[in-house]
Structure formats: structure tokens, C-alpha cells
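Below is one structure, written out as C-alpha cells; comments come after it.
In my numbering, the protein residues as written are -5 to 112.
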């Protein structure tokens, strides 16, 4: 029988996270970076990144490390997911990831042209 709770969904997510951490042999920084990569791969919303913001801060992760994750997985997940993730991360973590606006426009134009040819 389930235990009554005011926040059963949050309680379940917390229990799952605790169980995952207890069973994982990764150091905290690697664990959080891995979870961020998974969030990018599934095009998670900003609130999902926000759920990891405290742990990322506690692990002393830098903007450069988060950018490195995006760079590392870009060939696998694609530009649209990486750009979406950068936007969601900026909202959640309150940081501006280094993505120059002219470069973003060039990428968007190239993608639009490739879709037009398909």
C-alpha cells in the first residue's frame, strides 16, 4: 500500500534519484554531466535542467564543462537538440552559454536550406 503524501510525484522522483546515486559508481561531477547529456538527448524542458542546478552548483561544475558536454554530444544528438538545450540550460542555470547570435543564424539558415532540398 502506498504511503500518503502531499507530493507523491516529487517523492517518487526523489526516491528514484537517491537509489540511482547509491547504485552508481561515478563521481558527482561525472554523474551530473552524464545526466545533463541525457536531458539534451531527450530534448528536456528547462525545468528538468533546473532540477539538476543545485547538484551542478554543489559539484562546482563550470559553464565550460556544460559547454563541453554540448560539444561532445552534438554529432550524436544534432544541432537542433543542442541549440534547444543551450536555451533551456540558460533559463534553468541562469548562464549564457557561448553561442554567438550570427553563428546561430548561420546554422539555422543552413538547416532551413537542407530541409528545402529534402
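Backbone N, C-alpha and C fix where the C-beta goes; we use that ideal spot for every residue, glycine too.
- Message: DSSP three-state label for residue 8, please.
- Response: Residue 8: helix per DSSP, three-state reduction.
- Message: Tell me which residues share the same chain as residue 60 and place their Cβ nearer than 6 Å to its Cβ, disregarding the 5 neighbours each side in the sequence.
- Response: Cβ neighbours of residue 60 beyond the five flanking positions: none.
- Contact between the segment -4 to 9 and the segment 33 to 41: three or more CB pairs below 8 Å? These segments do not touch.
- Three-state secondary structure (DSSP) at residue 62? Helix, per DSSP.
- Are residue 198 and residue 53 closer than 8 Å when you measure CB to CB? Because the chain spans -5 through 112 in this model, residue 198 falls outside it and cannot be assessed.
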